[in-house]
Structure formats: structure tokens, C-alpha cells
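Asks: Below you will find the structure I want to go over with you.
Right, dumping it as C-alpha cells:
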């Protein structure tokens, strides 16, 4: 659960920083651009958000069953 929340929060914060910096936020030598690129890997590295949600639901026993 922490990985899912950290990935989502990191994307939100880095996106807000890019919005604040405007076009300069996308320059390669800017640390904001580096943080934006790196935080995307946090979500992709261990599985996409949908995969993580599936794992959490399975562990909690609330995974929806198959339709009959």
C-alpha cells in the first residue's frame, strides 16, 4: 500500500513542481525535470498502479469474483 501511495503522491508533487516552473521545468539540466523522470520509474518499477491495486485487493480478500 505504501508503494502505491508513494508513487501517486510523488507523481502529483513532481507534476505540481513542473507546473510551477513552466517550460523551464522540462529542461534536461533542471533538477525538477530529473525528479519528474525518476518518480515515474517508482510507479513502473514494481508494477503499475493497477497491478498493485490487484495485489492489495487479493491480500485483503476483496477481489471481485468472476461473473456467473
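Numbering (the working numbering), first residue to last: 37 to 104.
The C-beta atom is built at its ideal place from N, Cα and C for all residues, glycine as well.
1) Buried or exposed for residue 50, going by 16 or more other Cβ atoms inside 10 Å?
2) According to the Cβ coordinates, are residue 75 and residue 44 closer than 7 angstroms?
3) Using only the alpha-carbon positions, how far apart do residue 40 and residue 89 sit?
4) Using 6 angstroms as the cut-off, classify the Cβ of residue 97 as near or not near the heavy atoms of the ligand GTP, replying yes or no.
Replies: According to the data block:
1) The sequence position of residue 50 within the chain shown is 14, counting from 1. Here residue 50 is buried. Its C-beta has 16 or more other C-beta atoms within 10 Å.
2) For the purposes of this step, residue 75 is identified with residue 39 of the chain shown, where counting begins at 1. For the purposes of this step, residue 44 is identified with residue 8 of the chain shown, where counting begins at 1. Contact flag unset, no.
3) Taking the first residue of the chain shown as 1, we reach residue 40 at position 4. Taking the first residue of the chain shown as 1, we reach residue 89 at position 53. Rounded to the nearest angstrom, the two C-alpha atoms are 8 angstroms apart.
4) The ligand GTP is absent from the structure shown, which contains no ligand whatsoever.
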